[in-house]
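This report concerns only the one structure given below.
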Amino acid sequence: MSQSAFAIETRNLRKVFGDKVAVSNLTLSVERGEVFGFLGPNGAGKTTSVKMLLNLVFPSGGEGYLFGQPLNDPSIRSRVGFLPEHFRFHDWLRGDEFLQLHADLYRLPRLQARRRIGELLELVGLTAHASKKLREYSKGMLQRIGLAQALLNQPELVILDEPTSGLDPVGRRLVRDIIRDLRQRGVAVFINSHLLSEVEITCDRVAFIKHGEVIRVSLL
Ligand SMILES: Nc1ncnc2c1ncn2[C@@H]1O[C@H](COP(=O)(O)OP(=O)(O)O)[C@@H](O)[C@H]1O
Ligand SMILES: [Mg+2]
882 MSQSAFAIET RNLRKVFGDK VAVSNLTLSV ERGEVFGFLG PNGAGKTTSV
932 KMLLNLVFPS GGEGYLFGQP LNDPSIRSRV GFLPEHFRFH DWLRGDEFLQ
982 LHADLYRLPR LQARRRIGEL LELVGLTAHA SKKLREYSKG MLQRIGLAQA
1032 LLNQPELVIL DEPTSGLDPV GRRLVRDIIR DLRQRGVAVF INSHLLSEVE
1082 ITCDRVAFIK HGEVIRVSLL
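The sequence shown: position 142 = 1023 (this note's numbering), numbered continuously.
Shown next, in the form of structure tokens:
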């Protein structure tokens, strides 16, 4: 396991789609155990940035590391959890089957997975809905089961892309409590958001991003 002090480090990370600069020059570092907000308007390059961190989008330039390992090192995948902004759910699966599928993708042993899935369904308030098909879930329930999915592998870094979109006030409170609990357990959390109110309550530091560049980093 790498001893790097940082959960995330990037230097001049850049992504260009055709002639569109999505992320122009991203340099930042996030400490282990830190809750870090990545705040900017729609189109600022937040989703593209996290997709580069997750090796889902190949950078046009610059470099990045998770726990000191280069972004394209497959061994770091098992230490990271991810809630996408637009999850494409297998909506013919039941809630518990969906989590089992993702536990299999993480190669969690079945017995351990079953226990973990029970805990997480409880955590996100979906125990009573575990055997319902995802197509019967509301938008808020899908968001919550997506969050459970991001925590399955007990990650050291959780990346959440607009985690409270589609949630009612109770759901937003739940997400906030989960983030606080992760912080207490020393898990680093990286939160993409276009809402100041969302990051200011939960984050230790926030980066303000505009046109794919960090314009300021503040302590909260
Ligand atoms: N696959 C893509 N092809 C072309 N342009 C893209 C692609 N993905 C994102 N963009 C563009 O890059 C910019 C940043 O998008 P995005 O990272 O989704 O921003 P945010 O998440 O901050 O709203 C936007 O102008 C968007 O239209
Ligand atoms: Mg986005």
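Think of the CB as a built atom: it goes at the ideal place given N, C-alpha and C, for glycine as much as any other residue. Since the model is a prediction, treat every value here as computed from it, not as a measurement.
Check whether residue i and residue j have beta carbons under 8 Å apart
i       : j       : result
Gly1052 : Phe968  : no
Pro940  : Met933  : yes
Thr891  : Thr908  : yes
Leu903  : Val897  : Note that residue 903 is Ala in the sequence shown, not Leu. Taking 8 Å as the Cβ cut-off, Ala903 and Val897 qualify as a contacting pair.
Phe917  : Phe1071 : yes
Asn1034 : Gly962  : yes
Straight-line gap, residue i to residue j (C-alpha atoms, nearest Å)
i       : j       : result
Lys901  : Ala1009 : 46 Å
Arg1101 : Leu894  : Note that residue 1101 corresponds to Leu in the displayed sequence, not to Arg. Going from the Cα of Leu1101 to the Cα of Leu894 covers about 25 Å.
Val1039 : Leu1077 : 19 Å
Leu1041 : Asp1058 : 14 Å
Thr1045 : Ser910  : 24 Å
Leu974  : Ile1060 : 27 Å
Ile957  : Asn936  : 10 Å
Asp1049 : Pro990  : 34 Å
Ser1019 : Gly942  : 40 Å
Arg988  : Glu1094 : 36 Å
Leu980  : Gln1024 : 13 Å
Arg1097 : Ser1074 : 15 Å
Ser959  : Pro1036 : 7 Å
Leu1063 : Gly924  : 28 Å
Arg1086 : Gly1047 : 24 Å
Gln993  : Ser1099 : 40 Å
Gly1067 : Asn953  : 24 Å
Val1080 : Gln1065 : 17 Å
Pro965  : Val931  : 9 Å
Asp972  : Glu978  : 10 Å
Runs of beta strand (DSSP E) wholly within the stretch 1046-1092 (minimum 3 residues, chain order): 1069-1074, 1086-1091
Within 6 Å of ligand 1: residues by beta-carbon to any heavy atom: Phe898, Lys901, Ala903, Gly921, Asn923, Gly924, Ala925, Gly926, Lys927, Thr928, Thr929
Segments of 4+ residues assigned as alpha helix (DSSP H) that fall wholly inside the stretch 890-941: 927-934
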